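Scroll down for the structure; my scribbles are underneath it.
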Amino acid sequence: MLNNKTVLITGGTGSFGKKFIETILDRYPEVKKIIIYSRDELKQSVIKQKYPPYDFPQLRFFIGDVRDRERMVQACEGVDVIIHAAAIKQVDTAEYNPTECIRTNIDGAENVIHAALTCGIKNVVALSTDKACAPINLYGATKLASDKLFAAANNIRGSKDIRFSVVRYGNVMGSRGSVIPFFLNKSKEGVLPITHKDMTRFNISLQDGVNLVMFALGHHLGGEIFIPKIPSYKITDVAEAVAPECQIRIVGIRPGEKLHEEMITDTDSLNTIDLGPYYAILPSVSFTCTEEDYIKHHSAKKVPFGFKYNSGTNTEWESVENLRDLIRTHVDPNFNV
């Protein structure tokens with residue numbers, strides 16, 4: 001699928017980007033080029049040390065910002081595939097710096113779409129978040145707007161052979177800023193701060209997130225928002241798994257935070273199909289494909305009327321012991337409780 005192709009990853013120095021690079025090199029040894037597009041020179045230098053140019057000549061490093069339309073177009077010349085992972089992602093950062101969040105997450109999405117249409121890209125997959133579903137914070141609202149932009153881009157492609165789609169998933173285990181590394185660090189102090197004892201979240205590994213993007217690249221018609229079927233965890237079970245000896249301190253739900261995360265609302269279910277391992281929310285307005293086209297292409301079926309996908313009402317849950325195994329596998333191989 002990616003052999004002899006040139007792939008550009010915006011925000012390519014983040015947790016996802018690094019795992020995606022690793023996966024491409026493993027599965028597609030004949031990939032033509034992998035362009036890491038980001039604005040952080042230091043993070044790029046760290047990746048260069050892991051993949052030195054004399055061993056990995058297919059890697060390219062572009063300093064640039066998705067806010068810069070001209071630079072984005074320049075970086076996309078000769079590219080076949082774009083994975084759009086760049087974003088301002090911290091909820092509190094977005095609330096305090098709203099204009100900066102809008103410029104990166106919405107204006108940046110428009111620039112990626114413009115570059116893709118201008119440069120003859122074939123496939124574009126954008127990363128979203130569960131917070132884009134029924135958003136209550138600015139980060140989620142900007143990502144919902146971004147999702148809509150990518151879905152609608154299929155309607156303005158004209159005769160161009162290009163497909164845009166989105167992947168949406170929950171908290172990535174072990175990623176920067178996520179709860180498990182935070183708890184592992186806080187456990188040294190003997191106290192774990194918990195926002196609310198009933199809080200739940202979806203859970204996905206970084207590799208499963210990458211696999212979802214690979215699935216989208218290989219199967220999308222354009223316009224879909226792909227959502228994985230993944231387990232939930234209770235925040236209290238995470239605390240028990242990480243440090244059962246620690247005291248729990250309830251600190252209250254932070255501004256813009258939900259008690260349970262959603263990925264499909266009952267209203268979304270009107271346009272949602274079940275693909276087996278994944279769901280897909282179809283665009284509400286599509287001039288390129290009908291609902292029947294999507295169902296036939298994906299060998300899918302419509303979800304029941306009123307269906308919703310919520311971390312608090314999920315049917316699959318991580319146990320404390322399973323969480324410990326996952327921590328050893330995906331976060332810290334030396335973890336032992």
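Residue numbers for the sequence shown, in UniProt numbering: 1 to 337. Cβ atoms here follow ideal geometry from the backbone N, Cα and C, with glycine treated the same way. Computed from a predicted structure; not experimentally measured.
Point to revise | Burial state of residue 159, where buried means 16 or more other Cβ atoms lie within 10 Å | key: Around the CB of residue 159, fewer than 16 other CB atoms lie within 10 Å, so the residue is classed as exposed.
**Study point:** Contact belief for residue 231 with residue 211 at Cβ below 8 Å, rounded distance in angstroms
**Key:** Wrong, their Cβ atoms sit about 15 Å apart, outside the cutoff.
Check your understanding: For residue 37, which beta-bridge partners are listed by DSSP?
Key -> According to DSSP, which records beta bridges pairwise, residue 37 is partnered with 10, 62.
Point to revise | Residues near residue 316 by beta carbon distance below 8 Å, same chain, minus five either side | key: So the list reads 229, 230, 231, 232, once near-sequence residues are dropped.
Point to revise | Three-state class that DSSP yields for residue 200 in the structure shown | key: Strand at residue 200.
Check your understanding: On the three-state DSSP scale, how would you describe residue 212?
Key -> Reduced to three states, the DSSP call for residue 212 is helix.
Exercise for review: Please report the Cβ distance between residue 66 and residue 111, rounded to the nearest whole angstrom; I am assuming they are in contact, meaning their Cβ atoms lie under 8 Å.
Suggested key: Contact annotation, residue 66 with residue 111: C-beta distance approximately 6 Å; criterion of less than 8 Å satisfied.
Review point. Does DSSP put residue 265 in a helix, a strand or coil?
Key: It is coil, neither helix nor strand.
Check your understanding: Roughly how many whole angstroms lie between the Cα atoms of residue 59 and residue 3?
Key -> Straight-line Cα distance between these residues: approximately 14 Å.
Check your understanding: Between 224, 51, 7, which lies nearest to residue 264 when the distance is taken from Cα to Cα?
Key -> Minimum Cα distance to residue 264 is reached at 224.
Practice item. May I ask which residues mark the beginning and end of the beta strand (DSSP E) holding residue 123? Key: Segment 123 to 127, the beta strand (DSSP E) holding residue 123.
**Study point:** Supposed contact pair residue 274 and residue 301 - C-beta distance, whole angstroms, cut 8 Å
**Key:** With a Cβ gap of about 5 Å, residue 301 and residue 274 count as contacting.
Check your understanding: Quick one: what does DSSP say residue 322 is sitting in, helix, strand or coil?
Key -> For residue 322, the three-state secondary structure derived from DSSP is helix.
Check your understanding: Alpha carbon to alpha carbon, what distance is there between residue 320 and residue 237?
Key -> So the alpha carbons of these two residues sit roughly 6 Å apart.
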